[in-house]
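See below for the structure under consideration.
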Amino acid sequence: MIVGMLTRTIKLATLAGAAWYVAKKVRRRMHSADLAGQVVLITGGSRGLGLALARELAARGARIAICARKAEHLENTQQEFAVYDYPMFTCQADVTVPDQVNEMMEKVVQHYGRLDMVINNAGTMLLGPDQVMSITDYKNVMEANCWSALYTTKAATPYFKAQGAGYIVNICSIGGKISVPHMLPYSVSKFAMVGLSQGLASELDRDNIVVTTVIPNLMRTGSPRNIDIKGNHRAEYAWFKLANAFPLLSQGAETAAKRIVDGIARRDREITLSLTAKLAIALQALAPELISAGTRLAGRVMPASNDTTVKKGYESESVVTRGVTGGKKNADTLKFNQQ
56 MIVGMLTRTI KLATLAGAAW YVAKKVRRRM HSADLAGQVV LITGGSRGLG LALARELAAR
116 GARIAICARK AEHLENTQQE FAVYDYPMFT CQADVTVPDQ VNEMMEKVVQ HYGRLDMVIN
176 NAGTMLLGPD QVMSITDYKN VMEANCWSAL YTTKAATPYF KAQGAGYIVN ICSIGGKISV
236 PHMLPYSVSK FAMVGLSQGL ASELDRDNIV VTTVIPNLMR TGSPRNIDIK GNHRAEYAWF
296 KLANAFPLLS QGAETAAKRI VDGIARRDRE ITLSLTAKLA IALQALAPEL ISAGTRLAGR
356 VMPASNDTTV KKGYESESVV TRGVTGGKKN ADTLKFNQQ
């Protein structure tokens, strides 16, 4: 009898939990937040997906602040936004340096008088086999992709608490759900970022700070030309650039930005952008051995090399990458400030 009562209690609790979750989702959709006037800081916002997000949020009335390491990238974005009379504040900063992050946060708040949202988008990618990756390589990618998000979160949280609310958006990756061969430092950093983001969502909820974890695929922003590569440079760049151009494995940045901002307005806690990513994550949960077999096979056929030299993507072009996926500067490269 006790077992039967326990079973019924668990079933009722499960049904109640499901009903609460559905009701909450419906309520969020009915009461989507108005982003007009919100002050949004986007790290790495001068190019790529960060730039696409800045454009989408500005078009919806948000007041934008962006940071980047290079002044010329900030100037290009500043000029573009001035044409449309969109509010824009730029700050040259390296988000892997905590002191610069704290100073940046102070400048944004001084300029706009408040801060409503931080989008942790800045990051880097290092391509190549693990045999040519050093411990320093792992540390550098972790610093750029995960620790930088923690630094900005720690710097922004006091302002959010003082205001009584805030929003943190972490741009993670499908590489933070499924580890991809020859992208191991990147995957390690993104797995850590997913864990950080999900944990923060739980811990900051009591302070009325929403944390959203975003899981995108590869993004068609012209970014492959700027990635760092070790190993067989041309072969590594070829497979990556081909994958980046393949519609099932990559997505357009403008569409992705719109979906992310829609999810932000609904206060979604996790946003997985593509059906391909959703299916891959589901398959990883249901049949991990199948995913493992696929990644092991990929690891066997990928180019082997002992070359520890680092080259950029644009230094690794070949007949394949120029002929199949376009030249060094295609439309996406120019559109998303990747030149």
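Under the numbering used here, the sequence shown is numbered contiguously, ending at residue 394. Even for Gly, the Cβ is constructed at its ideal location relative to N, Cα and C. Being a predicted model, the structure only gives us computed values, none of them experimental.
(request) Look up glutamine 134 in the DSSP assignment and say whether it is helix, strand or coil. (result) helix
(message) Rounded to the nearest angstrom, what separates methionine 85 and alanine 91 at their Cα positions?
(response) Only weak support is given to the placement of methionine 85: the predicted model assigns it a pLDDT of 44, under 50, and the value that follows is read from those uncertain coordinates. Each residue's Cα considered, the two are about 17 Å apart.
(request) Could you check the C-alpha separation between methionine 180 and alanine 290 for me, to the nearest Å? (result) 16 Å
(message) Using C-beta distances below 6 Å, list every residue in its chain close to glycine 99, excluding the 5 sequence neighbours before and after it, in chain order.
(response) Gly105, Asn176, Ala177
(request) Inspect the beta-carbon positions of arginine 169 and valine 265 and report whether they are closer than 8 Å. (result) no
(message) Check this for me: beta carbons of alanine 312 and alanine 107, under 8 Å apart or not?
(response) yes
(message) Beta-carbon within less than 7 Å of glycine 307's beta-carbon, same chain only, minus the 5 sequence neighbours each way: which residues are those?
(response) Arg275
(message) Measuring straight from C-alpha to C-alpha, what distance separates leucine 338 and threonine 350?
(response) 13 Å
(request) Count the other CB atoms, across all protein chains shown, that sit within 10 Å of the CB of asparagine 299; report buried if there are 16 or more and exposed otherwise. (result) buried
(request) For my contact list, serine 244 and asparagine 200 are in at a C-beta cut-off of 8 Å; report their separation, rounded to the angstrom. (result) 4 Å
(request) For lysine 450, collect the residues of the same chain with a Cβ closer than 7 Å to its Cβ; drop the 5 residues on either side in sequence, then sort them by chain order. (result) No statement about residue 450 is possible, as the shown extent of the chain runs from 56 to 394 and does not include it.
(message) Suppose you measure from the CA of serine 189 to the CA of lysine 285; what does that come to, to the nearest Å?
(response) 11 Å
(message) Less than 8 Å between C-beta atoms, sequence neighbours within five positions excluded: which residues of the same chain meet that for tyrosine 214?
(response) Met160, Val164, Arg169, Leu170, Gly221
(request) Report the option in Leu112, Pro142, Asn195 whose CA atom is closest to the CA atom of threonine 310. (result) Leu112
(request) Using three-state DSSP, classify valine 265 as helix, strand or coil. (result) strand
(request) May I have the straight-line CA-CA distance separating arginine 82 from valine 365, to the nearest angstrom? (result) Since pLDDT at arginine 82 reaches only 49, below the 50 mark, its modelled position is unreliable, and the value read off the structure follows with that caveat. So the two alpha carbons sit approximately 50 Å from each other.
(message) Quick check on serine 252: does DSSP put it in helix, strand or coil?
(response) helix
(message) Contact between the segment 145-154 and the segment 117-130 is defined here as three or more beta-carbon pairs at a separation below 8 Å; is this criterion met?
(response) yes
(request) Give me the Cα-Cα distance between valine 316 and asparagine 361, rounded to the nearest whole angstrom. (result) 42 Å
(message) In the DSSP assignment, the beta strand (DSSP E) including glutamate 325 goes from what residue to what residue?
(response) 325-327
(request) Pull up the CB-CB distance for proline 184 and alanine 293, whole angstroms please, since I reckon it's below 8 Å. (result) About 15 Å separates the two Cβ atoms, so there is no contact after all.
(request) Have a look at the DSSP bridge pairing and note the partners of cysteine 146. (result) Cys122
(request) Quick one: give me the first and last residue of the alpha helix (DSSP H) that valine 95 is part of. (result) Premise fails: valine 95 lies in the beta strand (DSSP E), 94-98, not in any alpha helix (DSSP H).
(message) For leucine 389 and arginine 280, I'd like the C-alpha separation in whole angstroms.
(response) 12 Å
(request) Starting from the C-beta of threonine 376, find all residues in its chain whose C-beta is less than 7 Å away, skip the five residues before and the five after it, and write them out in chain order. (result) Tyr292, Ala293, Lys296
(request) Let me know if arginine 314 comes out buried or exposed under the rule of 16 or more other beta-carbons within 10 Å of its beta-carbon. (result) buried
(request) Pick helix, strand or coil for serine 244, following the three-state DSSP scheme. (result) helix
(request) Indicate whether valine 196 and proline 240 have their beta-carbon atoms separated by less than 8 Å. (result) yes
(message) For leucine 345, which residues in the same chain have their Cβ closer than 8 Å to its Cβ, ignoring the five residues on either side in sequence?
(response) Leu338
(request) Closer than 8 Å by C-beta to glutamate 158: which residues in its own chain qualify, once you throw out the five before and the five after it? Chain order, please. (result) Ala148
(request) Rounded to whole angstroms, what's the CA-CA distance from isoleucine 438 to alanine 247? Just pull it up for me. (result) As shown, the chain starts at 56 and ends at 394. That puts residue 438 outside it, with no answer to give.
(request) Enumerate in chain order the residues of its own chain whose CB-to-CB distance from glycine 39 is below 7 Å, with the five nearest sequence positions on each side excluded. (result) Here the chain comprises residues numbered 56 to 394, so residue 39 is not present and cannot be evaluated.
(request) Kindly indicate which residue of Ala88, Ile97, Leu96, Gly103 has the alpha-carbon position closest to the one of alanine 386. (result) Gly103
(message) Please classify proline 271 as buried or exposed, where buried requires at least 16 other C-beta atoms within 10 Å of its C-beta.
(response) buried
(request) Taking only the alpha-carbon atoms, compute the straight-line gap between valine 356 and serine 347 and give it to the nearest angstrom. (result) 15 Å
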